[in-house]
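Colleague: Encoded as structure tokens, here's the structure I'll be asking about.
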Amino acid sequence: MKSVVLSRQAHSISAPAQAGAVADWRDFVALTKPRVMTLVVFTGLCGLLAAPGHIHPVLAFTAILCIALGAGAAGALNQWVEADTDALMKRTASRPLPAGRMERQSALHFGVGLSCFSVILLGLATNWVAAAILAVSILYYVIVYTVWLKPRTAQNIVIGGAAGAFPPVIGWAAVTGDVSALPIALFCLIFFWTPPHFWALSLFVRTDYAKAGIPMLPVVAGELATRRQIWAYTAIMAVAAFAPVLLRLTGVVYGTVALAATGLFAYYAFRVLRSRQSDPALMKAERRLFGYSVLYLFVMFAAVVADRWVAA
Numbered sequence: 592m593k594s595v596v597l598s599r600q601a602h603s604i605s606a607p608a609q610a611g612a613v614a615d616w617r618d619f620v621a622l623t624k625p626r627v628m629t630l631v632v633f634t635g636l637c638g639l640l641a642a643p644g645h646i647h648p649v650l651a652f653t654a655i656l657c658i659a660l661g662a663g664a665a666g667a668l669n670q671w672v673e674a675d676t677d678a679l680m681k682r683t684a685s686r687p688l689p690a691g692r693m694e695r696q697s698a699l700h701f702g703v704g705l706s707c708f709s710v711i712l713l714g715l716a717t718n719w720v721a722a723a724i725l726a727v728s729i730l731y732y733v734i735v736y737t738v739w740l741k742p743r744t745a746q747n748i749v750i751g752g753a754a755g756a757f758p759p760v761i762g763w764a765a766v767t768g769d770v771s772a773l774p775i776a777l778f779c780l781i782f783f784w785t786p787p788h789f790w791a792l793s794l795f796v797r798t799d800y801a802k803a804g805i806p807m808l809p810v811v812a813g814e815l816a817t818r819r820q821i822w823a824y825t826a827i828m829a830v831a832a833f834a835p836v837l838l839r840l841t842g843v844v845y846g847t848v849a850l851a852a853t854g855l856f857a858y859y860a861f862r863v864l865r866s867r868q869s870d871p872a873l874m875k876a877e878r879r880l881f882g883y884s885v886l887y888l889f890v891m892f893a894a895v896v897a898d899r900w901v902a903a
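Everything in the sequence shown is counted per the working numbering, starting at 592 for the first residue and increasing by one.
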């Protein structure tokens, strides 16, 4: 831990060299974490499309744009907070701030400005219930997850998973102006999906987290405990996946897809549980689960929309 502190201090001492940095548009796009944003936008869109009622296409587009901008703002503020930590990890060292292509103040102004713009625009275009949920999601990701949980506890992903679970609720509220059982069920699905998704990643990048002093589960509790937790949360996620069917919020289309997709997820999670591979470069089961987990969420949310449309 002492070496981590010294590394952070050394990086902070070199930070003034960024004062003359001039970022271009690609650096600002990178701040928004566009790869992460894709899944956020898709789940938000599915929440909007599954909602009862009608919304004008222009307002629907605006709502999804605001969800994307809000997610981008959260990503920018996350990188502003973690600039020194990102410099210590191989997979994040090339980001605009640790690479010295942008001043930290620029990232802060960009993130705050984008946050305010997205929330206000969503409130004016749709309703203030959706806007309030968007504001809560941004604050939760930046303050609760990034500032408070991530550097302090191995349960950061478990509690912080709520931050990424808000988009379908926002999309639903943009149409209806309220929140009902189905968007809450979708929120729970993402919430319980998050731990196995991120812990699979953390297994094969654990050395990065250890170097940066971030107490991810594999670093704090070890690989075996992490594999067991992945399996346990996969079981909980499976219950959340079938909750919409059990509560009669969805029908046969969603139920069939959920059975097949969740079964495959469980198979990959079981392979991770049985794996004893300690070399990150050879962790095929862990990489396969991580990759499939992204596809899983796309498939499940597409099934929700398809089910609602078939029922209509």
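Just so it is clear, CB atoms sit at the ideal spot from N, CA and C, and this is done for glycine as well.
What runs of the alpha helix (DSSP H), each 4 residues or longer, lie entirely inside the stretch 749-785?
Modeller: Taking only runs of at least 4 residues, the alpha helix (DSSP H) segments lying wholly in the stretch 749-785 are 758-767.
Colleague: Would you be able to state if there are at least three C-beta pairs under 8 Å between the stretch 718-735 and the stretch 752-765?
Modeller: Taking 8 Å as the limit for Cβ pairs, the verdict is that the stretch 718-735 does touch the stretch 752-765.
Colleague: Output the boundary residues of the alpha helix (DSSP H) element that contains Ile-729.
Modeller: 719-730
Colleague: Tell me the rounded alpha-carbon separation between Val-836 and Gln-696.
Modeller: 48 Å
Colleague: Do Thr-653 and Ala-716 have their C-beta atoms closer together than 9 Å?
Modeller: yes
Colleague: With DSSP run on the structure shown, which of helix, strand or coil describes Leu-597?
Modeller: A caution first: Leu-597 carries a pLDDT of 37, below 50, which makes its placement in the model too unreliable to give a value.
Colleague: How many Å lie between Ile-750 and Pro-809 at the Cα?
Modeller: 17 Å
Colleague: Do Ser-884 and Trp-784 come within 9 Å of each other at the CB atom, strictly closer than that value?
Modeller: yes
Colleague: Would you mind reading off the limits of the alpha helix (DSSP H) that contains Pro-625?
Modeller: 625-641
Colleague: In this structure, how does DSSP classify Gly-804 when only helix, strand and coil are distinguished?
Modeller: coil
Colleague: Answer with buried or exposed for Gly-666, where buried requires no fewer than 16 other C-beta atoms within 10 angstroms of its C-beta.
Modeller: buried
Colleague: Three-state secondary structure (DSSP) at Val-796?
Modeller: coil
Colleague: Anyone know if the C-beta pair for Ala-698 and Trp-671 falls short of 9 Å?
Modeller: yes
Colleague: Closest to Tyr-887 by C-alpha separation, out of Gly-842, Val-901, Leu-855, would be which residue?
Modeller: Leu-855
Colleague: May I have the straight-line CA-CA distance separating Asp-898 from Val-843, to the nearest angstrom?
Modeller: 7 Å
Colleague: Measure the CB-CB distance between Tyr-732 and Ala-754 and report whether it falls below 9 Å.
Modeller: yes
Colleague: Under 8 Å by Cβ, that's how I've got Val-848 and Ala-894 pegged, so tell me the actual separation to the nearest angstrom.
Modeller: 4 Å
Colleague: Would you kindly check if the distance between the Cβ of Ile-646 and the Cβ of Val-811 is under 9 Å?
Modeller: Not a contact, by the Cβ cut-off of 9 Å.
Colleague: Helix, strand or coil for Gly-704? Go by DSSP, reduced to three states.
Modeller: helix
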